[in-house]
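So the structure is just underneath, and the comments pick up after that.
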Amino acid sequence: MNLLIISSSQRAHSQSAKVARYIAETSFLSPHSVGYDAIHHLELCQFNLPFWDGEEDNKGEHWPEIEQRVDAADALVLITPEWGGMASPLLKNFLLMCSRQETAHKPVLLISVCSGISGAYPIVEVKMNALKNNKLVPIPDHLIIRNVENVLNATPQGTRDIDLRERVQYSLFMLHQYAQALAPIRQRHIHQPYPKQQEYCYGM
Numbered sequence: 001m002n003l004l005i006i007s008s009s010q011r012a013h014s015q016s017a018k019v020a021r022y023i024a025e026t027s028f029l030s031p032h033s034v035g036y037d038a039i040h041h042l043e044l045c046q047f048n049l050p051f052w053d054g055e056e057d058n059k060g061e062h063w064p065e066i067e068q069r070v071d072a073a074d075a076l077v078l079i080t081p082e083w084g085g086m087a088s089p090l091l092k093n094f095l096l097m098c099s100r101q102e103t104a105h106k107p108v109l110l111i112s113v114c115s116g117i118s119g120a121y122p123i124v125e126v127k128m129n130a131l132k133n134n135k136l137v138p139i140p141d142h143l144i145i146r147n148v149e150n151v152l153n154a155t156p157q158g159t160r161d162i163d164l165r166e167r168v169q170y171s172l173f174m175l176h177q178y179a180q181a182l183a184p185i186r187q188r189h190i191h192q193p194y195p196k197q198q199e200y201c202y203g204m
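Quick note on full-length UniProt numbering: the sequence shown kicks off at 1 and runs consecutively.
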C-alpha cells in the first residue's frame with residue numbers, strides 16, 4: 001500500500017511541510033503504521049500549477065507527475081495551513097484538478113495547522129465543499145496542529161507535544177485500516193461498475 005502526503009502551503013519552508021516531513025519520517029518507525037510499501041510527500045508550492053479553468057488540458061506541465069502519485073496512492077494525507085479562517089487556495093485548486101478516476105473511494109486524513117489556537121475552519125471547509133466530485137472519503141479522525149512552531153520538531157517539548165505525536169500515530173493507524181477496507185471496493189468498482197451507460201459523475 002502507498003501513502004501520499006500533500007502539504008499545501010503556498011510558502012516554501014512552511015510549517016505544513018514540516019508536519020508532512022514528520023509524518024513521512026516517523027510512519028515507517030512506528031509499529032502501529034506498518035503496512036505502507038511507500039510513503040511520498042508532495043509539497044504543492046514546489047510545482048507550477050495554474051489556477052485551473054476547468055479544461056482537462058490546462059492543468060500545467062507538472063500535473064502528470066502529480067496525477068501519477070495520486071493514482072498510485074491507497075491513502076492520502078492532506079495538510080493545509082489556516083489563512084484567515086480558510087484552507088489554502090493551493091489545496092482547493094489541487095482538489096478541483098483531481099478527478100474521481102485517481103481519487104474515488106480512497107481514504108483521506110485531513111490536517112490543519114495554525115500558529116495560534118484556531119485551525120478548525122479549514123477542516124470544516126474542506127469536508128463541506130472540496131471532496132464532493134473527486135469522491136475522496138475523509139476518515140472520522142482529523143488533526144488540528146495548534147501552535148505548530150512549538151511541536152513536532154526534532155525533540156519533543158513537553159507532554160502536549162508527546163501526546164500530539166501519539167495522536168498523529170493513532171490517526172495514521174486508522175487511515176491505514178480504512179485504506180485496507182476500501183481497497184476491495186475500488187477493485188470491485190473497476191470490474192463491476194454501476195450498470196448504466198454513464199455513471200453519476202458528481203456527488204451530492
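For glycine and all other residues, C-beta sits at the position ideal for the given N, C-alpha and C. This one's a predicted model, so the numbers in the text were calculated from it and none came from an experiment.
Report yes or no: do the segment 172-179 and the segment 149-163 share at least 3 C-beta pairs separated by less than 8 Å? These segments do not touch.
I145, enclosing alpha helix (DSSP H) - first and last residue: No alpha helix (DSSP H) holds I145; the beta strand (DSSP E) holding it covers 137-145.
Cβ neighbours of Q101 in the same chain (closer than 8 Å, five flanking residues each side left out): Counting only Cβ-Cβ distances below 8 Å, and skipping sequence neighbours, we find D71.
State the Cα-Cα distance for the pair K127 and C98, rounded to the nearest angstrom. 15 Å
For I185, which residues from the same chain have a beta carbon less than 6 Å from its beta carbon, with the 5 sequence-adjacent residues on both sides left out? These residues qualify, in order along the chain: H105.
Cβ of V148 within 8 Å of Cβ of Q15? Yes, the pair counts as a contact, with Cβ atoms nearer than the cut-off.
Less than 8 Å between the C-beta atoms of D74 and A181, yes or no? no
From the DSSP output, in three-state form, read off I5 for me. Reduced to three states, the DSSP call for I5 is strand.
Restricting to runs no shorter than 3 residues, where is the beta strand (DSSP E) found entirely within the segment 121-191? 137-145
Inter-residue CB distance, L95 and N48 (contact presumed, cutoff 8 Å): Actually they are not in contact, since the Cβ atoms of L95 and N48 sit about 18 Å apart, beyond 8 Å.
8 Å Cβ shell around D93 - same chain, five flanking residues per side excluded: One point to set straight first is that residue 93 is Asn, not Asp, in the sequence displayed. Within the same chain, N93 has close Cβ partners L49, F51, W52.
Give the range of the alpha helix (DSSP H) segment to which I66 is assigned. 63-72
Span of the beta strand (DSSP E) around I111: 107-113
Residue range of the unbroken beta strand (DSSP E) whose run includes residue 219: The requested residue 219 is not part of the displayed model; the chain covers only 1 to 204.
Is L143 near the ligand ZN, with its Cβ less than 7 Å from a heavy atom? This structure does not include the ligand ZN; it has no bound ligands of any sort.
Cα-Cα, which of E55, P122, C201, I145 is closest to D161? I145
Alpha carbon of I123 to alpha carbon of N150, nearest angstrom: 21 Å
Quick one: Cα of S118 to Cα of I39, how far? For S118 and I39, the distance between alpha carbons rounds to 29 Å.
For A87 and I190, what's the separation of their Cα atoms in angstroms? Between A87 and I190, the alpha-carbon positions lie close to 32 Å from each other.
Would a C-beta distance cut-off of 8 Å place residue 205 and P138 closer than the cut-off? Outside the modelled stretch of the chain, which goes from 1 to 204, sits residue 205, for which no answer is possible.
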